[in-house]
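Contents: one structure, followed by commentary.
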Amino acid sequence: MTGDDRGPPGDDLPTAVDERLASLLETISAFAALDFSRPAEIGPAGNTLDAVAAGINMLGEEVEFATHDLEERVAERTQKLEVITRALQTEIDERRRNEAAVRDAREMLRERLTEVEQLNDEIMQLTELTNLLQVCASRKEAFDVLAQAGPKLFPDAEGAVYTFDAAHDTVELVASWDGFDPPAAFDRGDCWALRRGKLHVAIGNGGMRCAHTPTDRADDQLCMPLIAQGEVLGLIHLRCLSDTDGSEGTHPSGHERRAVAAAVLMMDIDRFKTFNDTHGHEAGDTTLRRVAATLRKQVRVEDVVCRYGGEEFIVVVAGVDTTEATNRAERLRTEISNIALDWQGQPLGTITASFGVATYPAHATSIDDLIRAADTALYDAKESGRNRVAIYASSSEAA
Amino acid sequence: MTDHVNGDKFVVWLTEDGLLRCEWVDGAVVTSADAQQALDAHAIVTGNVPAPLLVDVRPVASVERTARRIFATAPTTTRQGLIVGSPLSRTLGNFFLTISRPTMPVKLFDDEATAIAWLRDDG
């Protein structure tokens, strides 16, 4: 504008409209910063500026309400999420503990089964050896049988069998195994076992080594007199193989395992979640302890009972076939259903349990497969109505 | 049955042909308490029978958010005709329609006759 275009003096000062507009802009800026404490002024004229002011104020009200409402809902949701997260974390922690317990239980089962297998295997070998010796027609035959049995009975040792000569002063080599190169004969006085009439062991270079054993070696030696009807007939001499010994021989790395019967009973308490929800977790924990105690009381010393997780238990029974395992599971099921439960003086009624039975080697030949088979049978028991014993059937997995 | 009720900032009455009418005092700033008082007055004059409502919004200076929510869900009215004139009253009416989303039919009018004709039209 030129100077002629300007109006009379005073037109350069802000007008009332400019002031109102400036005030509205201030209000809008404040609202934009979520400050709703200074609403726009609405004049009595009800004109356009008043309408704009009213509109801005009402929009500000809506935004303020929406902001507060959102904050409240976020806070409420956050609180709920925290509760859920804590509950999930608790469940995760418990699952991890259960998984660790399950792993420990599986490992223990595996070890126990291995021990059972080994023990039974050795018993059967000794039984077979005894049976053979009893029908031997001569001493030579008997010593041959011993020489054959030696590697199987003493897989980690070289061995030799000696027998007394007619004068009973000297023992003569009659058999050896695993490449053992013992002396062909030696005097009675050269062996502590023959002199004492009992087992003699020399560990490394310590202890009293027999004169017939090499003195330039530090391996373990065992001399065992062969006694029949009170008379010493000869000697078994064993040299235990060490890692530094070059003559590893041809001892078997593991004798052939025989099929040994054993059973896994997998048990699950019926409707335990409902029981927990009804009576509370503390009553539930007490019930689990009562069940565990009942199981342990009903099984043999050599059987294994362990908690498999949640409300599941595993019982490993050695030396039984499927029929006997099923009978035992049935007895356990009955005992559990007879437990009179109570918590803090209040009766809780009774519970029932379902059982799945699988036996080794009939249903599986590895611990993992055996447990899986028992679990499948347990599932069948549940599906069939609970409170019963089901035997693994391979058709169940295919179904 | 009372045929009219005088509130703190309004007067409510029922016409002979069953039209509910409400007029606010000049420059009224309608709060939630005012809105609830008005609804109570509606119920009194109609005997709790919902009726079409004609409101002259032109004197009103502003309506609080909570008051708008109360009017938007009023169980005492079957439909509402709002008479607007100034830019301010038109803004108040449009905001009520679009933001408060009333649960009954609501329409803005520039004159009373057209508003009454619409309110009486059942079709």
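Those sequence lines, one after another, are chains A and B. Just so you know, we're using the working numbering here: the first sequence kicks off at 1109 and counts up by one. Just so you know, we're using the working numbering here: the second sequence kicks off at 54 and counts up by one. Backbone N, C-alpha and C define an ideal beta-carbon position, used for all residues, glycine too.
Note down, in chain order, each residue of its chain lying with its Cβ closer than 6 Å to the Cβ of residue i, except the 5 sequence neighbours on either side.
i: L161 of chain B; result: L135, V137 and G146
i: D1328 of chain A; result: I1311 and C1348
i: E1438 of chain A; result: V1497
i: P1147 of chain A; result: N1165
i: A127 of chain B; result: L92
i: I1459 of chain A; result: I1377
Quick check: does the Cβ of residue i come within less than 7 Å of any heavy atom belonging to the ligand SAM?
i: P1322 of chain A; result: Questions concerning the ligand SAM fall outside what the structure shown contains, since it holds no ligand whatsoever.
Quick one: is residue i buried, meaning 16 or more other Cβ sit within 10 Å of its Cβ, or exposed?
i: A1367 of chain A; result: With a pLDDT of 48 at A1367 of chain A, under the threshold of 50, the predicted position of this residue should be treated as unreliable, and no value is reported.
i: T151 of chain B; result: exposed
i: R1415 of chain A; result: buried
i: A1274 of chain A; result: exposed
i: A1141 of chain A; result: exposed
i: Q133 of chain B; result: buried
i: K62 of chain B; result: buried
i: A1195 of chain A; result: exposed
i: M1232 of chain A; result: exposed
i: D1476 of chain A; result: exposed
i: D163 of chain B; result: exposed
i: T1238 of chain A; result: exposed
i: S1492 of chain A; result: exposed
i: R121 of chain B; result: buried
i: A1208 of chain A; result: exposed
i: L1302 of chain A; result: buried
i: L73 of chain B; result: buried
i: V1246 of chain A; result: In the sequence on display, residue 1246 of chain A carries Ser and not Val. S1246 of chain A comes out exposed.
i: G1457 of chain A; result: exposed
i: T1434 of chain A; result: buried
i: E1184 of chain A; result: exposed
i: M1316 of chain A; result: exposed
i: A1489 of chain A; result: buried
Following the continuous beta strand (DSSP E) through residue i, name the residue where it begins and the one where it ends.
i: M1332 of chain A; result: Q1329 to A1336
i: M1513 of chain A; result: In the structure as shown, chain A starts at 1109 and stops at 1507, and residue 1513 of chain A therefore has no counterpart that could be examined.
i: E1339 of chain A; result: E1339 to C1348
i: L67 of chain B; result: F63 to L67
i: Y1487 of chain A; result: Where Y1487 of chain A is concerned, there is no enclosing beta strand (DSSP E), although the alpha helix (DSSP H) it sits in stretches over I1475 to E1491.
i: A1148 of chain A; result: No beta strand (DSSP E) contains A1148 of chain A, which DSSP labels as neither H nor E.
i: I169 of chain B; result: I169 of chain B -> not in any beta strand (DSSP E); alpha helix (DSSP H) instead, spanning E165 to R173.
i: F162 of chain B; result: V159 to F162
i: F1272 of chain A; result: A1265 to F1272
Would you identify the three-state DSSP class for residue i, choosing helix, strand or coil?
i: K1306 of chain A; result: coil
i: E1438 of chain A; result: helix
i: P1455 of chain A; result: strand
i: M1375 of chain A; result: strand
i: R1398 of chain A; result: helix
i: E1127 of chain A; result: helix
i: L1142 of chain A; result: coil
i: L1254 of chain A; result: helix
i: F149 of chain B; result: helix
i: G138 of chain B; result: coil
i: D1298 of chain A; result: helix
Cutting at 8 Å between CB atoms, please list the residues of its own chain near residue i, excluding the five before and the five after it.
i: V1428 of chain A; result: A1369, A1370, A1371, R1436 and T1467
i: S1284 of chain A; result: A1255, E1266, G1267, A1268, V1269 and P1290
i: V78 of chain B; result: K62, F63 and P112
i: R1218 of chain A; result: I1475
i: D1159 of chain A; result: The question names Asp, but residue 1159 of chain A in the sequence shown is Ala. Contacts found: none.
i: G1362 of chain A; result: In this prediction, G1362 of chain A has a pLDDT of 35, which is less than 50 and means its spatial position is unreliable; nothing more can be read from the coordinates.
So the alpha helix (DSSP H) residue i belongs to, where does it begin and stop?
i: R1408 of chain A; result: Segment: none, R1408 of chain A is in no alpha helix (DSSP H) and carries neither H nor E.
i: N1384 of chain A; result: F1380 to H1387
i: A1461 of chain A; result: First-last for A1461 of chain A: A1461 to Y1468, but that is the beta strand (DSSP E), not the alpha helix (DSSP H).
Quick one: what's got a C-beta closer than 7 Å to residue i's C-beta in the same chain, skipping five residues either side?
i: S1502 of chain A; result: none
i: C1299 of chain A; result: C1318, H1320, C1331 and L1343
i: G71 of chain B; result: A104
i: S142 of chain B; result: V110, R111 and V113
i: A168 of chain B; result: L107, G134, I136 and F162
i: I1499 of chain A; result: T1430, T1434, V1465 and A1485
### Task
Let me know the beta strand (DSSP E) ranges lying completely inside the segment 77-122 of chain B, each 3 residues or longer, listed in chain order.
Correct list: 81-83, 104-109 and 113-116.
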